[in-house]
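Comments concern the structure below.
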Amino acid sequence: MIYIDNNATTRVADEVIQEMLPYLEQFYGNPSSMYGFADTVNKKVQQARAQVAEFINADPGEIIFTSCGTESDNAAINAAINAFPQKKHIIATEVEHPAIRSLCFHLQDKKGYKVTFVPVDKKGRLDFDTLYKAMSDDTAIVSVMWANNETGVIFPIAEIAEKVKEKGIWFHTDAVQGAGKIPIDVKAAGVDMLSLSGHKIHAPKGIGVLYVRKGIKFSPFLIGGHQEKGRRGGTENTASIIALGKACELAKANIPLMNTQVREIRDYLETRLLDEIPATSVNGDRGNRLPNTLSIGFDAVEGESILMLMNQAGICASSGSACTSGSLDPSHVLMAMQVPFKSAHGTIRFSLSHYNTKAEMDTIVETLIPAIDRLRQMSPFWKDGKVV
Amino acid sequence: MIYIDNNATTRVADEVIQEMLPYLEQFYGNPSSMYGFADTVNKKVQQARAQVAEFINADPGEIIFTSCGTESDNAAINAAINAFPQKKHIIATEVEHPAIRSLCFHLQDKKGYKVTFVPVDKKGRLDFDTLYKAMSDDTAIVSVMWANNETGVIFPIAEIAEKVKEKGIWFHTDAVQGAGKIPIDVKAAGVDMLSLSGHKIHAPKGIGVLYVRKGIKFSPFLIGGHQEKGRRGGTENTASIIALGKACELAKANIPLMNTQVREIRDYLETRLLDEIPATSVNGDRGNRLPNTLSIGFDAVEGESILMLMNQAGICASSGSACTSGSLDPSHVLMAMQVPFKSAHGTIRFSLSHYNTKAEMDTIVETLIPAIDRLRQMSPFWKDGKVV
Amino acid sequence: MWNYSEKVMEHFLKPKNVGELEGANAIGETGSLNCGDALKLYLKVNENERIIDASFMTFGCASAVASSSALTEIIKGMTLDDAAKVTNDDIADYLGGLPKEKMHCSVMGQAALKKAIADFRGIQILEKPGEMICECFDVTDLEIIDAVKNNG
Ligand SMILES: Cc1ncc(COP(=O)(O)O)c(C=O)c1O
Ligand SMILES: Cc1ncc(COP(=O)(O)O)c(C=O)c1O
Ligand code: FES
Ligand code: FES
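Those sequence lines, one after another, are chains A, B and C.
All residue numbers for the first sequence refer to the working numbering, where the first residue is 1 and numbers rise by one.
All residue numbers for the second sequence refer to the working numbering, where the first residue is 1 and numbers rise by one.
All residue numbers for the third sequence refer to the working numbering, where the first residue is 1 and numbers rise by one.
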């Protein structure tokens with residue numbers, strides 16, 4: 001099997017499983033309990049918190065463990081809403097993940113909020129002008145993702161954060177996709193809140209992080225017990241927290257690899273596909289992308305069909321964000337970029353990890369050449385080697 | 001080590017770990033992805049959903065996986081608030097877990113809600129009169145726990161649900177502690193929503209369930225992707241979901257054991273402690289309690305000191321709800337029951353699982369007799385064998 | 001669990017000077033059964049105002065017991081004037097530190113000592129028994145405020 005869908009989810013690293021297993025099997029105590037048995041767990045959770053903090057250059061006290069990237073995103077917006085109940089405006093982008101985007105629609109439709117969705121250009125780059133002009137005294141929070149999950153396009157977070165903070169507005173970034181692929185430094189970037197998700201960086205599913213800068217008046221999204229210093233109720237997911245700590249340590253160490261070996265392999269795949277399959281185009285700003293992501297459109301064929309043929313060859317990729325697969329429309333990201341329908345429908349996202357090899361890329365290319373050809377031969381929109 | 005703090009959290013059953021491991025190690029795909037690799041996971045998630053449904057006599061489509069009991073509780077209240085935006089009254093009890101109670105305080109203090117907290121009597125039994133009289137057209141939801149986590153006192157959920165439903169009001173129950181100890185049947189009980197938490201029934205931490213009756217106009221609490229049929233955003237925590245399915249299957253099979261062997265051992269511990277340590281009393285309705293729970297107060301000594309001495313002997317118990325340990329006050333549950341301070345401060349909760357043995361109970365008694373004696377000898381409130 | 005030092009555990013498990021003190025001529029009491037911690041301190045003071053013996057009775061957590069034990073060890077042999085300068089920080093230091101959430105347990109020692117000295121000197125301290133409720137909760141409140149500050 002060739003797994004090349006790492007922006008959807010990743011293989012849990014063996015080292016991570018080894019690290020977490022004892023805390024499932026043996027040390028199952030609640031870290032806050034009053035016995036030595038719980039201490040072992042508590043110390044290890046503290047270590048994990050330090051590892052996560054180190055990964056993004058935060059202080060351990062600024063790390064809140066959540067259940068996923070979606071919860072982190074929801075919690076960030078919720079905190080702003082609670083901190084500024086009188087402010088009824090939110091700024092996000094058109095290409096945010098549904099964890100931000102759908103929440104914004106909900107707030108707009110049901111809770112009387114006005115949301116500015118900042119558009120992107122054809123290469124997926126933000127329209128800064130719209131963003132900055134939309135800021136007002138009524139704006140509770142600005143949320144801009146660090147990098148896009150579908151195209152890999154990276155946004156200049158430090159620059160945006162600076163402009164937003166100048167106005168005294170809270171700034172949140174969804175770094176779920178940026179993390180582990182490019183360096184993330186919350187202090188250098190100057191963000192107030194930042195979301196991470198474990199399963200994108202070789203930790204298990206069901207664990208996430210919300211970084212909350214010291215000084216931010218945070219109110220919890222999950223309200224319950226005093227866990228996470230009263231910032232997130234619910235018994236601590238100890239084994240997964242410990243797993244995430246280890247995963248962050250590994251991810252930090254792997255970032256150079258991502259930007260050399262993984263990038264080279266991705267570029268190799270991209271070049272071969274562009275060279276060897278006609279009427280093929282890359283979505284997103286090729287000059288400013290995550291090193292592991294390739295969103296590529298094959299004109300006049302349909303994504304699901306391509307996926308099925310790849311699946312026959314044991315290749316796992318995706319035709320858009322995992323969250324929107326199953327839906328019929330091109331993803332909201334491709335729509336926002338005004339990718340022409342002819343290639344949007346035939347878009348495949350390849351997302352690599354350091355487990356991928358160059359040999360796998362050859363297999364993919366050699367699978368895709370005949371697959372695309374076959375599909376085009378039966379496509380009413382393809383004739384004589386081009387789109388009609 | 002003697003672990004007797006199973007209302008706080010439980011040991012993950014070996015069978016459960018075996019069941020989930022392949023979905024961490026090998027089958028890490030997203031269940032909603034478009035490749036065969038994901039299918040394996042998807043089928044197993046469906047099986048787990050069926051196992052959970054079977055456990056509480058629900059339909060699989062009525063099961064929503066969440067990250068914990070707290071999230072389930074929060075989500076239930078949130079759904080009612082969204083369904084009836086004009087209704088500004090909520091009914092809960094004084095002895096709910098913080099996942100309901102603190103949320104209610106938040107809604108009261110910050111969101112303009114009025115909350116009726118139904119009181120309990122000295123044995124921890126609900127004041128039904130107050131409950132029923134508080135119901136009005138303005139009531140969005142009534143939430144009453146199935147069984148209390150500290151005392152184990154069981155509430156007559158079917159009876160309450162019937163009265164609440166007669167008025168057309170939504171009824172939610174937090175069955176986090178009831179589940180796995182006494183039979184839970186959502187259809188027979190006639191509840192609209194019900195919360196479960198995995199780590200209380202030998203599944204890992206970080207997985208929960210919200211049962212939502214078909215016909216209830218549910219709106220998601222975590223807003224994001226289309227997972228859980230749009231009822232809970234966030235990539236599915238596949239390994240833990242699969243673990244929970246298995247845990248539910250085991251829990252169902254173990255309920256008879258809980259009500260024979262475990263109950264007998266608990267009763268044995270209770271009798272010995274009452275007989276052999278003077279000035280000792282049981283908190284809560286002894287006639288109507290979970291079979292595994294014993295909340296017992298030792299006059300004139302302080303709980304933490306008892307826990308420390310037990311810890312020296314390798315015994316893990318708790319002095320109240322795990323969530324409130326670390327605070328100085330007796331828990332809100334003991335306060336609501338008006339347990340006298342002299343025994344409230346010296347209350348220990350023993351909560352058994354089927355892993356506990358009668359021999360362990362003997363060790364506990366033999367540890368406690370000298371421990372309580374020593375602490376009383378240094379207590380200014382104990383003289384000549386009684387409280388002063 | 002609290003991160004108690006070895007010294008705290010030692011003084012909790014094998015407290016020194018436990019019990020009523022025969023012939024005590026100075027007694028200080030603080031706390032109550034209601035607030036969850038209380039300390040009764042007994043001193044035997046000689047004509048030179050030197051503490052020749054001390055003992056305690058404590059109802060409270062492990063650090064309350066350890067603090068009481070430590071206090072009696074610290075002040076034995078001191079003059080009342082010197083003892084009056086003993087602070088809760090001295091008690092905590094003697095124990096190799098206390099978790100910050102537990103610092104108030106040592107405050108109880110300082111308070112009882114103050115009262116015992118006043119008792120010996122025949123000074124009325126205008127505090128109702130049970131005052132410790134407030135002190136206890138004061139600290140707790142401060143901690144909460146602190147925690148809130150830290151978070152936001
Ligand atoms: C009655 C009750 N409800 C809810 C919870 C919260 O569950 P969790 O820790 O999984 O969030 C607990 C346990 O802590 C509980 O005992
Ligand atoms: C950019 C981005 N944000 C948020 C999420 C949500 O993360 P999770 O699935 O952990 O909730 C994802 C992944 O699905 C993502 O790619
Ligand atoms: S033809 Fe199958 S999805 Fe449209
Ligand atoms: S005496 Fe230690 S908590 Fe109060």
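Note that beta-carbon positions come from the ideal geometry of N, C-alpha and C, so glycine has one too.
If you're wondering where the values come from, they're calculated on a predicted model, not measured in any experiment.
In three-state terms, what does DSSP make of residue i?
{"i": "C316(A)", "result": "strand"}
{"i": "R11(B)", "result": "coil"}
{"i": "H89(A)", "result": "strand"}
{"i": "D53(C)", "result": "strand"}
{"i": "D373(B)", "result": "helix"}
{"i": "R349(B)", "result": "strand"}
{"i": "K217(B)", "result": "coil"}
{"i": "G39(B)", "result": "It should be noted that the sequence gives Asp, not Gly, for residue 39(B). If DSSP states are grouped into helix, strand and coil, D39(B) belongs with the helices."}
{"i": "A179(A)", "result": "coil"}
{"i": "A203(A)", "result": "coil"}
{"i": "K167(A)", "result": "coil"}
{"i": "L43(C)", "result": "strand"}
{"i": "S281(B)", "result": "strand"}
Spatial neighbours of residue i within its chain, please: C-beta separation below 8 Å, excluding the five flanking residues on both sides.
{"i": "T324(A)", "result": "Here T324(A) scores only 45 on pLDDT, less than 50, and its place in the model is too uncertain to base an answer on."}
{"i": "T130(A)", "result": "T116, V118 and P119"}
{"i": "K128(C)", "result": "Its pLDDT being 48, under 50, K128(C) is placed unreliably by the model, and the measurement read from it follows with that caveat. Nothing listed; no residue qualifies."}
{"i": "K200(A)", "result": "N6, N7, T9, T10, G69, V176, Q177, A179 and G180"}
{"i": "R49(A)", "result": "P60, I63, F65, I241 and G245"}
List, in chain order, every chain B residue whose beta-carbon is nearer than 7 Å to that of residue i.
{"i": "K153(C)", "result": "No answer is possible for residue 153(C): it lies beyond the span of chain C, which begins at 1 and ends at 152."}
{"i": "A62(C)", "result": "E304, S305 and M308"}
{"i": "N88(C)", "result": "Result: empty, since nearest Cβ-Cβ is about 16 Å, beyond 7 Å."}
With a CB to CB cut of under 7 Å and the five nearest residues on each side skipped, what residues in its chain are close to residue i?
{"i": "A317(A)", "result": "I4, D5, L307, M310, I348, R349 and F350"}
{"i": "E15(B)", "result": "K246 and L250"}
{"i": "V18(C)", "result": "S55 and F56"}
{"i": "D138(B)", "result": "K87, K88 and H89"}
{"i": "N288(B)", "result": "V153 and I154"}
{"i": "D285(A)", "result": "K123, G124, R125 and V153"}
{"i": "L352(A)", "result": "I4, N6, V262, I265, R266 and N292"}
{"i": "A83(C)", "result": "I51, I75, L113 and I117"}
What do you get for residue i, buried or exposed, if any count of 16 or more other CB atoms within 10 angstroms of its CB means buried?
{"i": "M1(B)", "result": "exposed"}
{"i": "G225(A)", "result": "buried"}
{"i": "E304(B)", "result": "buried"}
{"i": "T271(A)", "result": "exposed"}
{"i": "E162(A)", "result": "exposed"}
{"i": "S195(B)", "result": "buried"}
{"i": "K115(C)", "result": "buried"}
{"i": "M34(B)", "result": "buried"}
{"i": "T95(C)", "result": "Reading off the sequence, residue 95(C) comes out as Leu, not Thr. L95(C) should be labelled buried."}
{"i": "D81(C)", "result": "exposed"}
Can you pull the chain A neighbours of residue i, defined as C-beta to C-beta under 8 Å?
{"i": "L103(B)", "result": "I223 and G224"}
Note down, in chain order, every chain C residue with its Cβ under 8 Å from the Cβ of residue i.
{"i": "A336(B)", "result": "None at all; the shortest Cβ gap to chain C is about 16 Å."}
{"i": "Q18(B)", "result": "None at all; the shortest Cβ gap to chain C is about 30 Å."}
Please list the partners that residue i has in chain B, where partner means a Cβ-to-Cβ separation under 9 Å.
{"i": "T72(C)", "result": "Going along chain B, no residue has its Cβ under 9 Å from T72(C), so there is no contact; the nearest lies around 12 Å."}
Which residues of chain A have a Cβ atom closer than 9 Å to the Cβ of residue i, listed in chain order?
{"i": "A99(B)", "result": "L222, I223, G224, G225, G233 and G234"}
With a CB to CB cut of under 6 Å and the five nearest residues on each side skipped, what residues in its chain are close to residue i?
{"i": "K217(B)", "result": "A83"}
{"i": "V191(B)", "result": "A161, F171 and T173"}
{"i": "A147(B)", "result": "I154, Q177, G178 and L290"}
{"i": "E131(C)", "result": "Residue placement at E131(C) is flagged as unreliable, the pLDDT there being 39, under the threshold of 50; a coordinate-derived value is accordingly withheld."}
{"i": "K252(B)", "result": "F55"}
Give the interface partners of residue i over in chain B, defined as CB-CB distance under 8 Å, in chain order.
{"i": "L113(C)", "result": "By Cβ distance, chain B contributes nothing, its closest Cβ being about 15 Å from L113(C), past 8 Å."}
Just list the residues that DSSP pairs residue i with in beta bridges.
{"i": "H172(B)", "result": "S143(B) and M193(B)"}
{"i": "L126(A)", "result": "V120(A)"}
{"i": "T293(B)", "result": "S351(B)"}
{"i": "Y113(A)", "result": "Answer is none; Y113(A) lacks a bridge partner."}
What in chain C is Cβ-close to residue i, meaning under 7 Å?
{"i": "K342(B)", "result": "L33"}
Quick one: which chain A residues come within Cβ less than 7 Å of residue i?
{"i": "T280(B)", "result": "The premise fails here: T280(B) is roughly 20 Å from chain A at the closest Cβ pair, so nothing lies under 7 Å."}
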